[in-house]
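K.L.:
Before anything else, here's the structure in question.
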Amino acid sequence: MAEVLVVVEASQGAPKKVTLEMLTLARTLGDVSAVVLGGSAAALADKLGEFGATKIYAAEGEDLDGYLVAGKATVLAALIQRVSPAAVLIASSQEGKEIAGRVAVKLDNGLLTDVVALDADGIGTQVVFAGSTIVKSKVSKGLPIVTVRPNSLTPTPAPATPSVEQVEVALTDKDKLAKVVERKVEAKGARPELAEASIVVSGGRGVGSADNFKLVEELADLLGGAVGASRAAVDSGFYPHQFQVGQTGKTVSPQLYVALGISGAIQHRAGMQTSKTIIAVNKDSEAPIFELADFGVVGDLFKVVPQAAEEIRKRK
Numbered sequence: 005m006a007e008v009l010v011v012v013e014a015s016q017g018a019p020k021k022v023t024l025e026m027l028t029l030a031r032t033l034g035d036v037s038a039v040v041l042g043g044s045a046a047a048l049a050d051k052l053g054e055f056g057a058t059k060i061y062a063a064e065g066e067d068l069d070g071y072l073v074a075g076k077a078t079v080l081a082a083l084i085q086r087v088s089p090a091a092v093l094i095a096s097s098q099e100g101k102e103i104a105g106r107v108a109v110k111l112d113n114g115l116l117t118d119v120v121a122l123d124a125d126g127i128g129t130q131v132v133f134a135g136s137t138i139v140k141s142k143v144s145k146g147l148p149i150v151t152v153r154p155n156s157l158t159p160t161p162a163p164a165t166p167s168v169e170q171v172e173v174a175l176t177d178k179d180k181l182a183k184v185v186e187r188k189v190e191a192k193g194a195r196p197e198l199a200e201a202s203i204v205v206s207g208g209r210g211v212g213s214a215d216n217f218k219l220v221e222e223l224a225d226l227l228g229g230a231v232g233a234s235r236a237a238v239d240s241g242f243y244p245h246q247f248q249v250g251q252t253g254k255t256v257s258p259q260l261y262v263a264l265g266i267s268g269a270i271q272h273r274a275g276m277q278t279s280k281t282i283i284a285v286n287k288d289s290e291a292p293i294f295e296l297a298d299f300g301v302v303g304d305l306f307k308v309v310p311q312a313a314e315e316i317r318k319r320k
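Residue numbering for the sequence shown follows our numbering, beginning at 5 and increasing consecutively.
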């Protein structure tokens, strides 16, 4: 079987969940080869092998870590030309999309973005128009280079012992025009990262204020989940933008999604409709969120949530 290249996204020395999803998808397409661009491949090898990577291409060094993505695209394009893979999977993140776009231009190749599934014929499935339409697309020129939307599938282990091959990093002066002069690691609390959490509790405009969001946080903490917010809540200044769930925010697909005071506009639904179980609390019985919810409570969230929190405490 031909190789399928998976470009690794990592954070604090561990692969991100989307990387494990891509490894799982790649196993259905061919022999899985992980591509580490910068950082330390050795620190990632065990986890990449656990999810099926049989080979790791390690492109390491200050030339990649010290500059922005142009160098990563150059190295990846050269690797693709050398190994002629069956497909290339890249995360649909800000950096991933930029790398994919640059590689497609360098190779004069087609590109599919925000793919949620990919079959052996290179036909990708994409959810468009805020989740209202599903389309099938295929690259008409070159090999399938696709960016995979996070939370598109459940990662499953398939242990392997990967070999590691060092990749030469040969950059041009154009690849070094934008240098990284400082990095600041975002401070993280005890809650799980929003895009990777198995439980998410989100608040909307119905929460009423930034102070009232403490109610959302309390329920999330009792459930061991992450906190999210609708665009309306973010635009109202109730919660920071990095926690926004929806078409213009983050896409989540947890086992449990709790929507508090969220009407359920299509833009929000696009970011959470693949959640396994959805619970909605809203005083408006006609709110669109109830069309999507598995369980709905028509009532005042300021009465419902404290009661739910108390019951959770009793069971702990």
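Heads up, the beta-carbon is just placed ideally off N, CA and C, and yes, glycines get one too. None of the values given here were measured: they were computed from a predicted structure.
1) Within the chosen definition, does the segment 172-186 reach the segment 60-75 through at least 3 CB pairs nearer than 8 Å?
2) Report the CB separation of Val-11 from Ile-94 in whole angstroms; it is logged as a contact under 8 Å.
3) Return helix, strand or coil for Asp-304, following the three-state DSSP convention.
4) Just to confirm, are Ala-274 and Gly-208 a CB contact at a threshold of 9 Å?
5) Please state if the CB of Asp-298 and the CB of Ile-282 are separated by a distance shorter than 9 Å.
6) Taking Ala-63 as the reference, which of Thr-117, Asp-50, Ala-77 and Phe-55 has the closest Cα?
7) Measure from the alpha carbon of Thr-32 to the alpha carbon of each residue in Gly-53, Asp-225 and Ala-121, then state which is nearest.
8) Starting from the C-beta of Gly-100, find all residues in its chain whose C-beta is less than 6 Å away, skip the five residues before and the five after it, and write them out in chain order.
9) Locate the beta strand (DSSP E) running through Ile-138, then write down its first and last residues.
10) Give the straight-line distance between the Cα atoms of Val-109 and Leu-29, rounded to the nearest whole angstrom.
11) Would you kindly check if the distance between the Cβ of Glu-197 and the Cβ of Ala-233 is under 9 Å?
12) Under the DSSP definition of a beta bridge, which residues are partnered with Val-39?
13) Under 8 Å by Cβ, that's how I've got Val-302 and Met-276 pegged, so tell me the actual separation to the nearest angstrom.
14) Roughly how many angstroms separate the alpha carbons of Val-285 and Glu-314, rounded to a whole number?
15) Tell me which same chain residues have a C-beta within less than 8 Å of the C-beta of Ser-37, skipping the five on either side of it?
16) Beta-carbon separation of Val-168 and Ala-46 under 9 Å?
17) Identify, in the order they occur along the chain, each residue of the same chain with its Cβ nearer than 6 Å to the Cβ of Ile-289, setting aside the five sequence neighbours on each side.
18) Taking 6 Å as the limit between beta carbons, can you name the residues of its chain near Gly-300, skipping five residues before and five after?
19) Tell me which residue opens and which closes the beta strand (DSSP E) that Glu-54 is part of.
20) Can you tell me the Cα-Cα spacing of Phe-247 and Gly-253, whole angstroms?
P.N.:
Reading off the structure:
1) yes
2) 5 Å
3) coil
4) no
5) yes
6) Ala-77
7) Ala-121
8) Ile-94 and Thr-151
9) 137-142
10) 25 Å
11) no
12) Val-11 and Tyr-61
13) Between Met-276 and Val-302 the Cβ distance is about 20 Å, and since that is not below 8 Å, they are no contact.
14) 16 Å
15) Glu-7, Val-8, Leu-9, Val-10, Ala-57, Thr-58, Lys-59, Ile-60, Tyr-61, Val-87 and Pro-89
16) yes
17) What sits at residue 289 in the sequence shown is Ser, not Ile. Val-302, listed in sequence order.
18) Ala-284 and Phe-294
19) Counting along the chain, Glu-54 falls outside any beta strand (DSSP E), though it belongs to the alpha helix (DSSP H) covering 45-54.
20) 8 Å
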